[in-house]
Amino acid sequence: MSSASINNETHGEPAPLTYPAGLPDRVAPVGDAFASGVRVLIAVVLASGTVLAAGWVANRPQFYHSYLFGYVFALDIALGALFWTMIHHVADAGWSVGLRRVFENISRAILPLTVLFLPVLVGTFTGELHAWYNFVHGQEPPEGHLKHLWHVKHTYFATPFFLARLALYFAVWVGYSVAMRHWSTKQDAVGGVALTRTMQWWAPSGVALLGLTSSFFAFDVLMSLQYSWFSTIYGVYFWAGGIRGSLATGVLLVLALRAAGFLRNTITVEHLHDVAKIMFGFTVFWTYIAFSQYFLIWYGNVPEETQFYLLRRNGGWYTLSMLLPVLYFVVPFFMLLPRAHKRSPVWLAVASAWILVMHAYDLYWQVMPVLHQDTVHFHWLDVAAPVCMFGVLLLSAVWGFMRVPLIPIRDARLSETIGYENETP
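Here it is as structure tokens:
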């Protein structure tokens with residue numbers, strides 16, 4: 003053993019990574035290659051954060067609703083990335099090994115987003131964001147039909163139970179995202195299959211817990227904006243959008259890396275073709291969930307259920323409601339339908355950017371009618387909030403690319419992803 007290795011071990015420093023021979027690309031951390039981009043992202047986050055702070059002073063109800071809109075936009079994408087990280091291990095997939103690190107890096111944003119949830123809590127417990135707080139904790143007891151609703155809701159929204167649920171959600175998300183990335187990057191140094199087996203053992207429970215916690219987060223934070231409304235499928239609707247948004251974000255990051263000269267021979271058009279097919283499939287899946295929710299509520303015609311859509315028929319919200327399925331389903335459906343488009347980086351970039359913008363549109367349509375019930379009132383905070391939060395997500399992902407190899411360099415299935423070719427049209 004060399005003296006340098008002895009000194010490294012003595013001082014607890016990790017040994018330098020060694021890269022397998024025969025890799026078709028340079029896969030070391032990007033280092034300073036993205037330094038200018040990071041500086042731009044930091045400037046954007048700081049500028050939009052300053053705008054948000056000014057909005058908090060000027061118009062607090064608008065600030066809290068805009069902040070929630072931007073926050074869930076970024077969180078939904080980060081949770082979707084965690085889903086793709088774990089589903090890779092559940093499926094024991096080989097072709098996607100080269101893509102896995104991209105989603106691991108996107109899911110890093112869950113940790114800072116946990117801290118950034120605090121303003122949402124402040125808005126809730128001041129009664130400026132969630133009306134149920136004053137309803138449940140108000141001095142005046144409810145009367146008439148609201149008395150039964152209070153009886154049902156007051157225990158569920160009791161402060162200790164509400165905070166305990168939120169703590170559980172974030173503990174699950176942070177725990178699984180940190181663990182999956184830790185095991186993956188540790189494998190870069192030690193190799194072998196033991197860590198692969200560990201990730202495969204934990205991933206199924208992670209997917210199940212992620213589905214449950216993200217669904218109940220949607221119930222507690224988004225559906226409760228109209229606290230007398232309920233939909234058991236709403237949680238699935240929430241994370242179906244996040245799965246689409248995370249795929250779109252992952253594709254854009256891969257294309258950015260390829261444009262900068264990285265991974266061009268590791269993540270090829272063949273991989274992008276398969277990802278595009280999955281994007282196409284989840285475009286249909288999101289539409290199926292959205293239509294199922296609407297159809298069952300329309301058919302049942304129960305006032306407690308129809309209020310969600312009735313509110314979104316007012317004024318300009320009706321136009322946005324009619325355009326949503328066209329812009330979020332029909333347009334990306336036909337964008338991704340031709341095989342040539344699935345294999346075109348340009349078309350994939352356009353489709354991914356479109357899906358991201360439409361995902362924001364969808365969440366805006368879910369949150370903002372509660373504040374502006376008569377018609378659409380677009381506010382400058384509605385731009386600042388998602389820009390700030392998505393900037394935090396991108397900073398987290400890029401920081402990951404700067405710290406660890408761009409792919410899992412010692413995954414036992416790495417050879418399956420290098421030189422991968424599609425066998426289906």
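For the sequence shown, this note's numbering assigns the number 3 to the initial residue and increments by one for each residue that follows. Ideal placement from N, C-alpha and C gives every residue a C-beta, glycine not left out.
Hey, Thr-215 and Tyr-171: beta-carbon distance below 8 Å or not? yes
Close-in-space but distant-in-sequence residues of the same chain around Asp-94 (CB under 7 Å, 5 per side omitted): Gln-202
For a quick check, are the C-beta atoms of Ser-207 and Phe-105 less than 8 Å apart? no
So for Tyr-229, helix, strand or coil by DSSP? coil
Just checking: is the beta-carbon of Ala-353 within a distance shorter than 8 Å of some beta-carbon in chain C? Here chain C cannot be found, since the structure has a single protein chain.
CA-to-CA distance, Arg-28 to Phe-264, given in whole angstroms: 7 Å
Looking at Trp-152: is its Cβ nearer than 8 Å to the Cβ of Val-138? yes
Skipping 5 residues on each side, what residues in its chain have a beta carbon closer than 8 Å to that of Tyr-21? Val-29, Ala-30, Pro-407 and Ile-411
CA-to-CA distance, Ser-294 to Val-32, given in whole angstroms: 44 Å
Exposed or buried, Met-324, counting other C-beta atoms within 10 Å across all chains shown (16 or more means buried)? exposed
In chain order, what residues of the same chain lie with their CB nearer than 6 Å to the CB of Tyr-66, ignoring the 5 residues before and after it? Gly-125, Glu-130 and Leu-131
Could you tell me the alpha carbon to alpha carbon distance between Ala-414 and Trp-97, rounded to whole angstroms? 12 Å
Straight-line gap, Val-394 to Leu-81 (C-alpha atoms, nearest Å): 14 Å
At the level of alpha carbons, what is the spacing between Val-238 and Trp-356? 21 Å
Sub-8 Å separation of Tyr-178 and Val-122 beta-carbons: no
Proximity below 8 Å, CB of Ile-245 to CB of Phe-284: yes
Minimum C-alpha distance to Ala-166 - residue among Asp-190, Leu-115, Asp-222 and Val-192: Asp-222
Closest residue to Arg-103 among Pro-334, Thr-321 and His-184 (Cα-Cα distance): His-184
Rounded straight-line distance, which links the Cα of Val-277 to that of Gln-228: 36 Å
The alpha helix (DSSP H) spanning Ile-280 covers which residue range? 271–302
Where Ser-98 sits in the DSSP three-state scheme: coil
Quick one: measure Cβ to Cβ for Val-348 and Phe-71, integer angstroms, because I've assumed they're closer than 8 Å. In fact, because the Cβ distance is near 30 Å, the residues do not count as touching under 8 Å.
Rounded to a whole number of angstroms, what is the C-alpha to C-alpha distance between Cys-390 and Ala-196? 39 Å
According to DSSP, is Glu-130 part of a helix, a strand, or is it coil? coil
Pairwise C-alpha distance: Thr-128 and Ile-299: 32 Å
Please report how far the alpha carbon of Tyr-363 lies from the alpha carbon of Leu-326, in whole angstroms. 8 Å
Anticipated Cβ contact below 8 Å, Val-209 with Phe-85, distance rounded: 7 Å
Is Tyr-66 helix, strand or coil when you go by DSSP? helix
Rounded straight-line distance, which links the Cα of Phe-232 to that of Tyr-301: 15 Å
On the CB-based measure, 16 or more other CB atoms within 10 Å of its CB, does Lys-344 come out buried or exposed? buried
Return helix, strand or coil for Gln-375, following the three-state DSSP convention. coil
Helix, strand or coil: how does DSSP classify Ser-5 here? Any reading at Ser-5 must be qualified, since the residue scores a pLDDT of 35, below 50, and its modelled position is unreliable; the value itself is stated next. Reduced to three states, the DSSP call for Ser-5 is helix.
Please determine, among Val-154, Ala-262, His-361 and Val-117, the residue with the shortest C-alpha to C-alpha distance to Thr-251. His-361
Hey, quick one: how far does the alpha helix (DSSP H) through Pro-31 stretch, first residue to last? Neither: Pro-31 is in no alpha helix (DSSP H) and is coded neither H nor E.
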